[in-house]
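Okay, structure first, notes after.
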C-alpha cells in the first residue's frame, strides 16, 4: 500500500510533530499518498488537552507544504472529527467552510468521557462500558453522517482493563451490526486502523470479524490509517493489515481527493 490516510501532526493536541517531518518520513517510506488528519474535538472536557486548531492556519501551512512537495507526494488535507451528537451544526459549518479532501468521523467521548482514561471503566463491568461505547456510536451516526470514513471502530477495546481478552464481535453484534448498516446506508467507509497493533491487540481496530461482517452486509469502502502521532508509526503494520483485509474478501481500498473516493488495488 502506498497511502496512509490517518496521520496526526502538531495541529493535534496530543502530538508535537511538525507536518513537514511527517511528510519527509512518508517520502522515506516510499509513500505516494499521504493525508494529514488532525484532531478537531470540540468540547473535549475529559482531561487537560485541547483538541481544537485554527483551520485557517491549518490550510495555510498545509497548502504551502502541498505545493512544495507536489512533485514527490500527493499530500491531502484531512481532519478527524470527534463526534458528539449535539455538535452537528458545528461540524457542518466547519466541513463546508474549508476544502477538506477527507473527513474521518471518530467517537472519542462516550457521554462526555474518554475511554482512554481508566476512570471510565471504574465501578462497572467492562462489558457494560463497551456496550455504552457502541450505543454512543449509533447515536452519533444518527445525528451526523457527513464524513467519509468511520475511525477506529471498537477504539474502546484498546483501553479496556482486559483489552480484547473477553471481547468478541459476536458478543456485541447487535450493536455493531447497527453501526455497520448505518455506514453502508450513509455511504461512509470503514477505516482499518493499525493502532490496535501498537496497543497490543494483535489486530486492527476494528477486528477482523467486524471487517468481514461489513463485507457480508454489502460494505465496499475500506480506508487505511496508522493513526500515527509519531513518525516511527507511519504505515505501522500495514502489510499485516492488508493481508487481514484481503482475507475478508476485499481486493481494493480507497483514498479521497476533494471528498471523492478513489479506488486503489490492495
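Numbering (my numbering), first residue to last: 88 to 353.
Beta carbons: idealized from backbone N, C-alpha and C, even for Gly.
Small disclaimer: the values here were computed from a predicted structure and weren't measured.
- Distance from residue 239 to residue 292 at the Cβ level is roughly 4 Å; contact confirmed, criterion being Cβ atoms closer than 8 Å.
- Spatial neighbours of residue 348 in its own chain (CB-CB distance under 8 Å, excluding positions within 5 residues in sequence) are listed in chain order as 235, 276, 308, 341 and 342.
- Shown here for residue 169: same chain residues with a beta carbon closer than 8 Å to its own, the five before and five after excluded, namely 126, 127, 128, 129, 131, 138, 193, 194, 195 and 196 in chain order.
- Scanning 302, 154 and 353 for the CA closest to the CA of residue 326 turns up 353.
- Beta-bridge annotation (DSSP): residue 292 is paired with 280.
- Residue 177 and residue 222 have their C-alpha atoms spaced approximately 22 Å apart.
- An exposed status is given to residue 157, since fewer than 16 other beta-carbon atoms sit within 10 Å of its beta-carbon.
- With respect to the C-alpha of residue 266, the residue from 228, 249 and 161 having the closest C-alpha is 228.
- Taking a cut-off of 8 Å on C-beta distances, the region 172-188 does not touch the region 196-209, as fewer than three cross pairs fall below it.
- Burial state of residue 143 is exposed, judged by a 10 Å Cβ sphere holding fewer than 16 other Cβ atoms.
- Between the alpha carbons of residue 120 and residue 329 lies a gap of roughly 16 Å.
- Contact between the region 161-168 and the region 211-220 is not established, with fewer than three Cβ pairs separated by less than 8 Å.
- Nearest to residue 107 by alpha-carbon distance, out of 155, 187 and 140, is 155.
- Boundaries of the alpha helix (DSSP H) harbouring residue 328: 325-334, taken from the DSSP string.
- Less than 8 Å divides the Cβ of residue 102 from the Cβ of residue 316.
- Put simply, of 88, 118, 124 and 191 the residue whose alpha carbon is nearest the alpha carbon of residue 104 is 124.
- The beta carbons of residue 249 and residue 179 sit about 38 Å from each other, so the pair does not count as a contact at 8 Å.
- Taking the CA atoms as reference points, residue 257 sits about 30 Å from residue 350.
- Residue pairing from DSSP leaves residue 228 without any beta-bridge partner.
- In this structure, the straight-line span from the alpha carbon of residue 260 to that of residue 116 is close to 37 Å.
- At the C-beta level, residue 91 and residue 322 come within 8 Å of one another.
- Annotation: the continuous beta strand (DSSP E) that includes residue 90 extends over 90-94.
- Of all alpha-carbon atoms in 134, 110 and 184, the one lying nearest the alpha-carbon of residue 148 is that of 110.
- Pairing residue 189 with residue 346, the inter-Cα distance amounts to about 5 Å.
- Closest in alpha carbon position to residue 243, among 114, 280 and 269, is 280.
- A Cβ-Cβ separation of about 7 Å places residue 134 in contact with residue 204 under the 8 Å criterion.
- 8 Å or more divides the Cβ of residue 331 from the Cβ of residue 302.
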